[in-house]
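Undergrad: First residue of the sequence shown? That's 7 in my numbering, and the numbers climb one at a time after it.
Note that beta-carbon positions come from the ideal geometry of N, C-alpha and C, so glycine has one too.
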Amino acid sequence: MGYITTTITIQVPQSTIFFYLREKYNTQLYKNTFQELIGFAPMPLCIKEVPFSEIEFKDECMNTMSSSFKVQGWRWGYQIQPDSDGKTKVTLWYKWGLLLTLLTFGTAGGQACNELAETALALLALSIDPNADNQTSSFLLSF
7 MGYITTTITI QVPQSTIFFY LREKYNTQLY KNTFQELIGF APMPLCIKEV PFSEIEFKDE
67 CMNTMSSSFK VQGWRWGYQI QPDSDGKTKV TLWYKWGLLL TLLTFGTAGG QACNELAETA
127 LALLALSIDP NADNQTSSFL LSF
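1. Determine the DSSP secondary structure at residue 110, reduced to helix, strand or coil.
2. Just tell me which of 119, 15, 110, 9 has its CA closest to the CA of residue 95.
3. Between residue 84 and residue 27, is the Cβ-Cβ spacing less than 7 angstroms?
4. Can you name, in chain order, every residue of its own chain whose Cβ lies under 6 angstroms from the Cβ of residue 62, other than the five neighbours on each side?
5. Between the Cα of residue 81 and those of 122, 113, 109, spot the shortest distance and give me the residue it belongs to.
6. For residue 97, which residues of its own chain have a beta-carbon under 6 angstroms away from its beta-carbon, when the five flanking residues on both sides are left out?
7. Which runs of the beta strand (DSSP E) at least 3 residues long sit entirely within the region 83-109? Give them in chain order.
8. Contact check, residue 118 vs residue 8 under 8 angstroms by CB: the rounded distance?
9. From this set, 135, 33, 59, which residue's C-alpha is nearest residue 24's C-alpha?
10. Report buried or exposed for residue 129, applying the criterion of at least 16 other Cβ atoms within 10 angstroms of its Cβ.
11. Give me the Cα-Cα distance between residue 169 and residue 131, rounded to the nearest whole angstrom.
Next comes the structure, spelled out in structure tokens:
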């Protein structure tokens, strides 16, 4: 099974981060973007939610050759914890199975890395204050 994780620390309230991560798949922008790009909008299933501190999703990948055969898909989640000086620490992770790796010819890890980086950068954008001179955030990626 493949696994990738990163931890970021940002100057955003824990509740704001939680609501963003929980609701981003329900936005019209998300649905319209995927509809335009691939013809449908994947709808991840929330399988675990601990208010303001943890959320986990899964999405089964469909086999385009047979509508009755589902491939072990993705699982991903976020752990959200208060940090020092009013900052919030967010750990993001993705997991995927061997079959998905084989069916994507080894690109599943790269896809997971892209998704993780996009989410981390979106969270980082929530912390940007155009009027602030001294902004600090950290971003650490590990495999």
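TA: Quick answer:
1. coil
2. 15
3. yes
4. 53, 54, 83
5. 122
6. 13, 85
7. 94-102
8. 7 angstroms
9. 59
10. buried
11. Outside the shown range of the chain, which is 7 to 149, sits residue 169, and nothing can be said about it.
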